[in-house]
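Step one of this worksheet: look at the structure below.
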Amino acid sequence: MNLFRLLGDLSHLASILVLLHKIQTSRSCRGISFKTQALYVAVFVARYLDLFWRYISLYNSAMKVFFIGSSCYILYLMKYRYRPTNDPSIDTFRIEYLLVPCAILSLIFNYNFMPTEILWSFSIFLESVAILPQLFMLQRTGEAEAITTHYLAALGIYRALYIPNWIYRYFTEGVIDPIAVTAGIVQTGLYLDFFYVYFTKVLQGQKFELPA
Amino acid sequence: NPADRPKDEL
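Residue numbers (the numbering used here), protein chains in the order written: chain F, 1185 to 1396; chain U, 3 to 12.
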């Protein structure tokens, strides 16, 4: 464990707590893409089921349980408790355009052609693009509540911090994971436009608004 | 071994 990865994980943890806080305090999931949240459940379940046969550390297991549990809970909140505040008519991204290519890529690029490793690859590829329905929704509505942008910023910073972690690990441990690194760079890249508006507007106290 | 990816990352 190094500082970049620890801060990345904490940023990921924080993003989910911010999202839960937003939903609970406003009693609304307005502005949140159900499709993106459902994709995260698929990502976490596909990747973290190794919880049952591979023990790394208490930290590792606790985080995996938290990510699976919290993402399922968020889906429950959106689908049941705050269902009237969820507007599917603006959440129109076609997720089959993400699922099918990720499934194909995971069959081609994996570290071992076995179900668990293919699922791992699939989760890495899917995570890298899972934010697209959310960003697409943001693009459509053109604006977002500040708290929603804090959630997205924390989520983007998480994977961005994994990049220096991989560079650090390459030089200190000699390990390199080309699948995770490639997908991680793509994932971070998808946030660049968002980061630009977030850092130049929201953090200066202005409203998050995209140019028309 | 191609399966030697670091398995401690989340």
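Each residue gets a CB set at the ideal place from its N, CA and C atoms; glycine is no exception.
It should be emphasised that the depicted structure is a prediction, and the values quoted were computed from it without experimental measurement.
Ends of the alpha helix (DSSP H) at residue i?
i       : result
F/K1263 : Segment: none, F/K1263 is in no alpha helix (DSSP H) and carries neither H nor E.
F/P1285 : E1280 to I1292
F/S1305 : P1299 to V1313
F/S1210 : L1187 to S1210
F/W1350 : A1330 to E1357
F/F1379 : L1376 to T1384
F/K1219 : F1218 to Y1232
Between residue i and chain U, is any beta-carbon pair separated by less than 7 Å?
i       : result
F/V1249 : no
F/Y1295 : yes
F/I1369 : no
F/V1202 : no
F/I1279 : no
F/V1365 : no
Report all residues from its chain with a CB closer than 7 Å to the CB of residue i; omit the five preceding and five following residues, and keep chain order.
i       : result
F/T1220 : A1314, I1315, P1317 and Q1318
F/I1308 : I1363, A1364 and A1367
F/S1212 : Y1266 and T1269
F/M1321 : S1217, I1274 and D1275
F/Y1232 : K1248, F1251 and I1252
Tell me which same chain residues have a C-beta within less than 6 Å of the C-beta of residue i, skipping the five on either side of it?
i       : result
F/I1302 : S1290 and N1294
F/I1341 : S1195
F/M1262 : C1213, F1218 and N1270
F/T1372 : R1343 and A1344
Pull up the DSSP beta-bridge partners for residue i, would you.
i       : result
F/E1327 : F/E1393
Any beta-carbon of chain A closer than 7 Å to the one on residue i?
i       : result
F/R1189 : In summary, chain A is missing from the structure at hand, where the protein chains are F and U.
Suppose the cutoff is 8 Å on Cβ atoms and the five residues either side in sequence are ignored; what does the same chain contact list for residue i look like?
i       : result
F/A1330 : V1386, K1391 and F1392
F/C1286 : F1306, F1309, L1310 and V1313
F/Y1352 : N1186 and F1188
F/Y1354 : I1360
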